[in-house]
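Participant: I'd like to ask you about the structure that follows.
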Amino acid sequence: MRKILLFSFFLLLGLIASQTLPDRMGAESYAAFKKATDTLLYICLAFIMINVGREFEVEKPQWRSYVSDYFIAMATAALPWLLVAVYYVFVLLPESCYGDWGAWKESLLLSRFAAPTSAGILFTMLAAIGLRRSWIYRKIQVLAIFDDLDTILLMIPLQIMMVGFRVEVIVILAVVTVLLGFGWRFLARFDMVQSWWAILLYSVGVIAATWVVNRLFHIHIEVLLPAFVLGMVMRHRHIDTRTEYRVSSAVSFLFMLLVGLSMPYFIGSGAMAGFASDGGGEAPSILGMQPMLPWGTIAVHVVVVSLLSNGGKLVPLFFYRDRILEERLALSVGMFTRGEVGAGIIFIALGYGIGGPALIVSVLTLVLNLILTGGFVVWVQRLAVRACGEHAA
């Protein structure tokens, strides 16, 4: 629970710093500072995604047995995403935007933060309360990894929607296809060093490789998929030492702080310029041009978006009919947890100049869900205990 609260604390601390540092540092100094923190953020994101990929453990000869799990995970990721996207368009935007494709594609990209379950946080907390050997844990492990994978894969067409279908898109699709084929062909094949310092070096290497590819082919490949695939091909070693745990936690805390720092400037002098655009001279986004709402109204939107995103995660409740209701509900509630991958989606959306009240609602919704994660896990534990009682009877 302490770790979850620290996630929220660092995200909020970064958000506060993003609104106070521009005035204190001045435009030129802050621009240099922002460039450095964004680079560090990408390294942290690569570190996290490599570790998510390392958790991707499936029996390849039995791949057919995972097909239904993948589609359930895909639906579990898609429903909250679509519900939040519709809410952003029809509630946060004026009526004139209802039929605007630009508004829809921005909302679809930003609302994707609601899709992924935080696998790392969830697995750690469920194991800590003694559920590692339960059906609930094993099934959540599969679904959470699959819905993270689905989120990563769907980011490719979403990014294509943002930039339009160009010749470069064919190169992007070719790179993605090669990466996925390589990851599946050599899944858990390479016996690589997996200490924290090695993962950090791999992260820097992934950043450098994507930068070179992007420069050579004039395309834009995000670090999410290459880092995930690198983690996939490693023969997973469970290194459960205090140092590994502390470094992994420190990277996650730093990542949440940097995500908060990456938020656009929406308070103080020149706020609307930073709020509506990414500062790169591009046209401001439709979401970014919306006026700031009163904080009370923002709070209401945060609660509603939280209900929609978590309500959409109840998809597993309607499947696995061979299990009792308590187990299916525990499986669904376990999928409520959000974390670093969702924050990474918000950061990517920022790269396209997406801002406005929808961005603030997304960030605060993530914070609220992080704070509630301990409660979600306790709820799962109680449902699991009740399910054991049902089976014993």
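Numbers 285 to 677, taken from this note's numbering, label the letters of the sequence shown in order. Just so you know, even glycine gets a beta-carbon here, dropped at the ideal spot from N, CA and C.
1. Ordered along the chain, which non-local residues of its own chain (more than five positions away) have a Cβ less than 8 Å from that of residue 448?
2. Below 8 Å on the Cβ atoms is my guess for residue 360 versus residue 597; work out the distance and round it to an integer in Å.
3. What whole-angstrom Cβ distance do residue 667 and residue 613 have, given they're in contact under 8 Å?
4. Which residue or residues does DSSP assign as beta-bridge partners of residue 397?
5. Within 10 angstroms of its Cβ, does residue 392 collect 16 or more other Cβ (buried), or is it exposed?
6. Measuring CA to CA, which of 467, 515 and 419 is closest to residue 608?
7. Less than 7 Å between C-beta atoms, sequence neighbours within five positions excluded: which residues of the same chain meet that for residue 564?
8. Specify the secondary structure class of residue 537 as computed by DSSP and reduced to three states.
9. Going residue by residue through the segment 462 to 508, where are the continuous alpha helix (DSSP H) segments of at least 4 residues, counting only ones entirely within it?
10. Give the straight-line distance between the Cα atoms of residue 286 and residue 501, rounded to the nearest whole angstrom.
11. Any idea what DSSP makes of residue 518, helix, strand or coil?
12. How should residue 475 be labelled, buried or exposed, when 16 other C-beta atoms within 10 angstroms of its C-beta is the threshold for buried?
13. Can we say the segment 570 to 579 touches the segment 635 to 647, given the rule of at least three CB pairs closer than 8 Å?
14. Are the segment 377 to 388 and the segment 455 to 467 touching by the rule of at least three beta carbon pairs closer than 8 Å?
15. Between the C-alpha atoms of residue 687 and residue 661, what's the straight-line distance to the nearest angstrom?
16. For residue 625, tell me which candidate among 385, 314 and 428 has the shortest Cα-Cα distance.
17. Give a yes or no on contact between the segment 532 to 549 and the segment 355 to 370, applying the rule of three or more CB pairs nearer than 8 Å.
18. Restricting to runs no shorter than 3 residues, where is the beta strand (DSSP E) found entirely within the segment 341 to 388?
19. Can you grab the Cα-Cα spacing for the pair residue 294 / residue 330, in whole Å?
20. Specify, as a first and last residue, the run of the alpha helix (DSSP H) that residue 313 falls within.
21. Do you know offhand how far residue 302's Cα is from residue 315's?
22. Given this structure, state the Cα-to-Cα distance separating residue 311 from residue 319, to the nearest angstrom.
23. I'd like to check one pair, residue 507 with residue 494: are the Cβ atoms closer than 8 Å?
24. Enumerate in chain order the residues of its own chain whose CB-to-CB distance from residue 296 is below 8 Å, with the five nearest sequence positions on each side excluded.
25. In whole angstroms, give me the CA-to-CA distance for residue 552 and residue 332.
26. Taking 8 Å as the limit between beta carbons, can you name the residues of its chain near residue 589, skipping five residues before and five after?
27. Flag residue 381 as yes if its beta-carbon sits less than 8 Å from any beta-carbon of chain C, otherwise no.
28. Going by beta-carbon coordinates alone, are residue 439 and residue 389 separated by less than 8 Å?
29. For a test of the three-state rule: what should DSSP assign to residue 434, helix, strand or coil?
30. DSSP three-state call for residue 525: helix, strand or coil?
31. Can you tell which of 442, 629 and 518 has its C-alpha closest to the C-alpha of residue 340?
Facilitator: Looking at the atomic coordinates:
1. Position 164 of the sequence shown, counted from the first residue, corresponds to residue 448. Excluding sequence neighbours, residue 448 sits near nothing in its chain.
2. As a first step, residue 360 is located in the sequence shown; it is residue number 76 there, counting from the start. As a first step, residue 597 is located in the sequence shown; it is residue number 313 there, counting from the start. With a Cβ gap of about 6 Å, residue 360 and residue 597 count as contacting.
3. One-based indexing of the sequence shown puts residue 667 at position 383. One-based indexing of the sequence shown puts residue 613 at position 329. Yes, residue 667 and residue 613 are in contact; Cβ-Cβ is about 6 Å, under 8 Å.
4. Against the sequence shown, residue 397 aligns to sequence position 113. BP columns for residue 397 are empty, so no partner.
5. Reading the sequence shown from its first residue, position 108 is the one you call residue 392. Classification for residue 392: buried.
6. Residue 608 sits at position 324 when you count from the first residue of the sequence shown. Checking every option, the nearest Cα to that of residue 608 belongs to 419.
7. Along the sequence shown, one-based indexing puts residue 564 at 280. In this predicted model, residue 564 has a pLDDT of only 43, less than 50, meaning its place in the structure is not dependable; the value taken from the coordinates is given anyway. Cβ neighbours of residue 564 beyond the five flanking positions: none.
8. Working through the sequence shown from its first residue, we reach residue 537 at position 253. Helix, per DSSP.
9. 480 to 501
10. Locating residue 286 in the sequence shown gives position 2, where the first residue counts as 1. Locating residue 501 in the sequence shown gives position 217, where the first residue counts as 1. Going from the Cα of residue 286 to the Cα of residue 501 covers about 44 Å.
11. Against the sequence shown, residue 518 aligns to sequence position 234. Looking at residue 518 - three-state DSSP - the assignment turns out to be strand.
12. Looking up residue 475 in the sequence shown gives position 191. By the neighbour-count rule (16 or more Cβ atoms within 10 Å), residue 475 is not buried but exposed.
13. yes
14. no
15. Because the chain spans 285 through 677 in this model, residue 687 falls outside it and cannot be assessed.
16. Residue numbering aside, residue 625 sits at position 341 when the sequence shown is read from its first letter. Out of 385, 314 and 428, 428 has the C-alpha closest to the C-alpha of residue 625.
17. no
18. none
19. Position 10 of the sequence shown, counted from the first residue, corresponds to residue 294. Position 46 of the sequence shown, counted from the first residue, corresponds to residue 330. The alpha-carbon atoms of residue 294 and residue 330 are separated by roughly 19 Å.
20. Your numbering for residue 313 matches position 29 in the sequence shown. Looking at the DSSP string, the run of the alpha helix (DSSP H) that includes residue 313 is 311 to 338.
21. Along the sequence shown, read from residue 1 onward, the residue named residue 302 stands at position 18. Along the sequence shown, read from residue 1 onward, the residue named residue 315 stands at position 31. In a straight line, the C-alpha of residue 302 is about 12 Å away from that of residue 315.
22. Along the sequence shown, one-based indexing puts residue 311 at 27. Along the sequence shown, one-based indexing puts residue 319 at 35. Using only the alpha carbons, I get a separation of about 12 Å.
23. Stepping through the sequence shown from its first residue, residue 494 is reached at position 210. Stepping through the sequence shown from its first residue, residue 507 is reached at position 223. A contact, by the Cβ cut-off of 8 Å.
24. Within the sequence shown, the letter at position 12 stands for residue 296. The answer, listed in chain order, is 544 and 651.
25. Here residue 552 is taken as the residue at index 268 of the sequence shown, counted from 1. Here residue 332 is taken as the residue at index 48 of the sequence shown, counted from 1. Note on residue 552: pLDDT 47, under 50, position unreliable in the model; the coordinate value appears next. Straight-line Cα distance between these residues: approximately 33 Å.
26. Looking up residue 589 in the sequence shown gives position 305. The residues are 368, 371, 398, 645, 646 and 649.
27. Reference to chain C is not applicable here, since this structure consists of a single protein chain.
28. Counting from one through the sequence shown, the residue named residue 439 turns up at place 155. Counting from one through the sequence shown, the residue named residue 389 turns up at place 105. No; because the gap between Cβ atoms is not below 8 Å, this pair is not in contact.
29. For the purposes of this step, residue 434 is taken as the residue at position 150 of the sequence shown. Note: residue 434 maps to helix in three-state DSSP.
30. For the purposes of this step, residue 525 is identified with residue 241 of the sequence shown, where counting begins at 1. Residue state, collapsed to three classes: coil.
31. As a first step, residue 340 must be located in the sequence shown, where it is residue number 56. Closest by alpha carbon: 518.
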